[in-house]
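S.K.: When the letters of the sequence shown are read in order and numbered with mature numbering (1 follows the signal peptide of the UniProt record, and there is no 0), they come out as residues -21 to -1, 1 to 267.
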Amino acid sequence: MKTKTFTVLLFAFVLTFNINAQTIPFSTGRIVISSDGNEHDHDDWAATPFSLALLAAKGLQDCLTVYTFSDHIWGSNHDHENAQKEMQISALEGQKIFHFNHTNFIEAVADSTKAIQAIVKEIDRSKKEDPLTIIAAGPMQVVGSALAKADQAKLKFVRIISHHSWNDNHADKPNKWEQHSGWTWNEIKSSFESKGLICDRISNQNGGDDYDGMKAPIERFDWIKTSPIREQSAEVKKQLDWLYSRQLTCIKKGDFDPSDAGMIIYLLTGKQKTNPEDAKAIIENPVK
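(1) What does the alpha-carbon distance come out to for the pair residue 328 and Glu256?
(2) Would you kindly work out how many angstroms separate the C-alpha atoms of Ser170 and Gly123, rounded to a whole number?
(3) Go ahead and pull the three-state DSSP assignment for Glu263.
(4) Taking the alpha carbon of Trp24 as the reference point, which residue from Cys42, His59, Ala36 has its own alpha carbon closest?
(5) Please determine if the segment 203 to 220 and the segment 105 to 113 are in contact, where contact requires at least 3 C-beta pairs separated by less than 8 angstroms.
(6) Taking one C-beta from the segment 73 to 80 and one from the segment 98 to 105 each time, how about it: are there three or more such pairs within less than 8 angstroms?
(7) Between which two residues does the alpha helix (DSSP H) containing Ala25 stretch?
(8) Along the chain, which unbroken stretches of the alpha helix (DSSP H) at least 4 residues long are found entirely within the segment 53 to 133?
(9) Answer yes if the segment 64 to 73 comes into contact with the segment 26 to 42, meaning at least three C-beta pairs across the two stretches below 8 angstroms, and no otherwise.
(10) Buried or exposed: Glu86, going by 16 or more other Cβ atoms within 10 Å of its Cβ?
(11) Where does Leu10 fall in DSSP's three states?
(12) Assign Thr44 to buried or exposed, taking buried as 16 or more other Cβ atoms, counted over all protein chains shown, within 10 Å of its Cβ.
(13) Here's the rule: buried if 16 or more other CB atoms are within 10 angstroms of the residue's CB, otherwise exposed. What is Asn154?
(14) Going by DSSP, which residues form a beta bridge with Ser187?
(15) From this set, Lys250, Lys64, Leu134, Leu247, which residue's C-alpha is nearest Ala89's C-alpha?
(16) In the DSSP assignment, what are the bridge partners of Cys42?
(17) So Asp179 is in the beta strand (DSSP E); what residue range does that whole segment cover?
(18) Determine, using beta carbons only, whether residue 326 and Tyr245 come nearer to each other than 9 angstroms.
(19) In this structure, how does DSSP classify Asp220 when only helix, strand and coil are distinguished?
(20) Going by CA-CA distance only, name the one from Ser141, Asn254, Ile3, Asp239 that's closest to Pro196.
(21) Can you tell me which of the three DSSP states Lys204 falls into?
(22) Are Ser160 and Ala150 close, meaning C-beta to C-beta below 9 angstroms?
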């Protein structure tokens, strides 16, 4: 009997935390994205533009309060010599093209303290009526540092989303030529989940046995070039042309790889097993 009572109380405790934090699909509150792209995998060169396009289609520009990009804060340009510059293009041109006029875009590798503090500020202003969702699309160091510095009483109003083990673990698993350590996904869970933080680890957006993911053959993205919405205005055509041009920066064995943008599809729809057609449905049916 005591065991059953304890189980019920524990469930009620967790449920109380969960109803305070951001819901899926997105309904209210704010969004923070932290991505890398300045070192190692260059998928963020394609994923950042796609993430911005998806949020813009839903009219959520003002909900994205902070975007920290190039958050591999231990260095840039080793695996791809122009990686930091490519991320500046994807993030800062994307900001202008999709009208994220009030979003604070911060290059984390250039000023990690500023990036971390910006996320701390967003966590600290969170409340039941204005929760926060953090999309963790890079190593966990920047986000983990922000969670540690923030008001711990606010974590029950925060959800963090991740999808890939590389991002989850890279801080403590550097390449042979690197030396660094830092926050990992499991450390974030063990440190903050008991305080109400929702740690939402979704399916790998590179695909799986029974779903395609957002890393998919190039032809699956042809709709960006042919969609009827291109005829709506010169601006829409310009946006889609730019979006496609950024996909061309990350081709892997015949695939485009905007995989991290699958987390935005999940945020907007609740669907974890995504594909390029999910992105098409969102972008071709924008909020009026």
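Where a beta carbon is used, it is the ideal one built from N, C-alpha and C, also for glycine.
M.R.: Concretely, from the data shown:
(1) The requested residue 328 does not occur in the structure, where the chain is confined to residues -21 to 267.
(2) Their backbone Cα atoms lie some 10 angstroms apart in a straight line.
(3) In this structure, Glu263 counts as coil in the three-state DSSP scheme.
(4) The shortest Cα separation from Trp24 among Cys42, His59, Ala36 belongs to His59.
(5) As far as the Cβ criterion goes, the segment 203 to 220 does not touch the segment 105 to 113, which means the pair count is below three.
(6) Result no; under three Cβ-Cβ pairs closer than 8 angstroms.
(7) Start and end: 23 to 36.
(8) The qualifying runs are 62 to 67, 73 to 76, 91 to 103, 120 to 128.
(9) Per the Cβ contact rule, the segment 26 to 42 is in contact with the segment 64 to 73 (3 or more Cβ pairs under 8 angstroms).
(10) Buried, by the Cβ-count rule.
(11) For the record, residue 10 in the displayed sequence is Ile; it is not Leu. Here DSSP, grouped into helix, strand and coil, assigns Ile10 to strand.
(12) Looking at its Cβ environment, which holds 16 or more other Cβ atoms inside 10 Å, Thr44 is buried.
(13) The residue in question, Asn154, is exposed, as its Cβ has fewer than 16 Cβ neighbours within 10 Å.
(14) In the sequence on display, residue 187 carries Gly and not Ser. In the DSSP secondary-structure assignment, Gly187 is bridged to Tyr190.
(15) Ala89 has its Cα closest to that of Lys64, out of Lys250, Lys64, Leu134, Leu247.
(16) DSSP output for Cys42 lists no bridge partner at all.
(17) In the DSSP annotation of this structure, the continuous segment of the beta strand (DSSP E) that includes Asp179 starts and ends at 177 to 180.
(18) Outside the shown range of the chain (-21 to 267) lies residue 326, about which nothing can therefore be said.
(19) Reduced to three states, the DSSP call for Asp220 is helix.
(20) Nearest option by C-alpha distance: Asn254.
(21) Lys204 carries a helical assignment under DSSP once its states are collapsed to helix, strand and coil.
(22) Taking the C-beta atoms as reference points, Ala150 is found nearer than 9 angstroms to Ser160.
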